[in-house]
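Accompanying notes for the structure given below.
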Amino acid sequence: MVREEWTTEVFDAELVSSQSVEEDMVQMLQIALACVVKGPEIRPTMDEVVRLIKETVRPNGAAERKSESENTNVYEHHE
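So the numbering used here is basically just the index in the sequence shown, starting at one, shifted up by 4.
Pasting the structure below:
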(Lines of atoms letter the chains of each structure in order from A and count residues from 1; the text may use other names and numbers.)
(Lines give C-alpha, C1' and ligand atoms only; values in the text may rest on other atoms or scores of the structure.)
Protein backbone atom coordinates (compact mmCIF):
# COMPACT_ATOMS: atom_id res chain seq x y z
CA MET A 1 0.00 0.00 0.00
CA VAL A 2 1.28 3.44 -0.87
CA ARG A 3 0.95 6.25 1.64
CA GLU A 4 -0.58 9.29 -0.04
CA GLU A 5 1.24 11.67 2.31
CA TRP A 6 4.50 11.25 0.41
CA THR A 7 3.31 9.97 -2.96
CA THR A 8 1.84 13.29 -3.98
CA GLU A 9 5.29 14.82 -3.50
CA VAL A 10 6.61 12.81 -6.46
CA PHE A 11 3.98 14.19 -8.85
CA ASP A 12 4.40 17.33 -10.90
CA ALA A 13 1.86 19.81 -9.51
CA GLU A 14 1.13 20.94 -13.08
CA LEU A 15 -0.24 17.46 -13.86
CA VAL A 16 -2.54 17.16 -10.86
CA SER A 17 -5.62 19.00 -12.06
CA SER A 18 -8.21 17.32 -9.85
CA GLN A 19 -8.67 14.84 -7.02
CA SER A 20 -9.59 12.05 -9.46
CA VAL A 21 -6.42 12.67 -11.50
CA GLU A 22 -4.33 12.52 -8.34
CA GLU A 23 -6.03 9.28 -7.28
CA ASP A 24 -5.32 7.73 -10.67
CA MET A 25 -1.69 8.84 -10.48
CA VAL A 26 -1.39 7.18 -7.06
CA GLN A 27 -2.93 4.04 -8.56
CA MET A 28 -0.34 4.00 -11.37
CA LEU A 29 2.46 4.58 -8.85
CA GLN A 30 1.23 1.57 -6.87
CA ILE A 31 1.40 -0.55 -10.01
CA ALA A 32 4.94 0.68 -10.69
CA LEU A 33 6.05 -0.07 -7.14
CA ALA A 34 4.63 -3.59 -7.38
CA CYS A 35 6.88 -4.12 -10.42
CA VAL A 36 10.06 -3.33 -8.51
CA VAL A 37 9.59 -5.22 -5.25
CA LYS A 38 12.76 -6.92 -4.08
CA GLY A 39 11.60 -10.50 -4.62
CA PRO A 40 11.01 -11.18 -8.33
CA GLU A 41 8.70 -14.07 -7.52
CA ILE A 42 6.16 -11.68 -5.99
CA ARG A 43 6.23 -9.10 -8.78
CA PRO A 44 3.20 -9.03 -11.09
CA THR A 45 3.55 -10.61 -14.50
CA MET A 46 3.39 -8.33 -17.53
CA ASP A 47 -0.11 -9.65 -18.23
CA GLU A 48 -1.14 -8.61 -14.72
CA VAL A 49 0.47 -5.19 -15.17
CA VAL A 50 -1.40 -4.65 -18.43
CA ARG A 51 -4.67 -5.70 -16.78
CA LEU A 52 -4.11 -3.36 -13.83
CA ILE A 53 -3.32 -0.43 -16.11
CA LYS A 54 -6.39 -1.12 -18.24
CA GLU A 55 -8.51 -1.18 -15.06
CA THR A 56 -7.12 2.24 -14.13
CA VAL A 57 -7.31 4.00 -17.51
CA ARG A 58 -10.16 4.01 -20.02
CA PRO A 59 -9.37 3.31 -23.69
CA ASN A 60 -9.99 6.96 -24.64
CA GLY A 61 -7.36 8.09 -22.13
CA ALA A 62 -9.81 9.45 -19.56
CA ALA A 63 -9.14 8.14 -16.08
CA GLU A 64 -11.72 5.84 -14.60
CA ARG A 65 -13.05 6.63 -11.13
CA LYS A 66 -12.71 3.81 -8.65
CA SER A 67 -14.07 3.22 -5.21
CA GLU A 68 -11.78 3.70 -2.20
CA SER A 69 -11.68 -0.07 -1.61
CA GLU A 70 -10.36 -0.71 -5.11
CA ASN A 71 -7.66 1.93 -4.69
CA THR A 72 -6.17 0.57 -1.47
CA ASN A 73 -4.49 -2.56 -2.84
CA VAL A 74 -3.66 -2.47 -6.50
CA TYR A 75 -1.76 -5.72 -6.54
CA GLU A 76 -1.89 -8.65 -4.20
CA HIS A 77 0.23 -11.66 -5.05
CA HIS A 78 -1.63 -14.94 -4.66
CA GLU A 79 0.42 -18.10 -4.73
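Note that beta-carbon positions come from the ideal geometry of N, C-alpha and C, so glycine has one too.
For residue 26, I'd like the list of residues in its chain whose CB is within less than 6 Å of its CB, leaving aside the five on either flank, ordered along the chain.
-> 20
Using three-state DSSP, classify residue 61 as helix, strand or coil.
-> strand
Alpha carbon to alpha carbon, how far is residue 47 from residue 17? Give it in angstroms, no decimals.
-> 29 Å
Identify whether residue 28 lies in helix, strand or coil by the three-state DSSP scheme.
-> helix
How big is the Cα-Cα spacing for residue 60 and residue 36?
-> 13 Å
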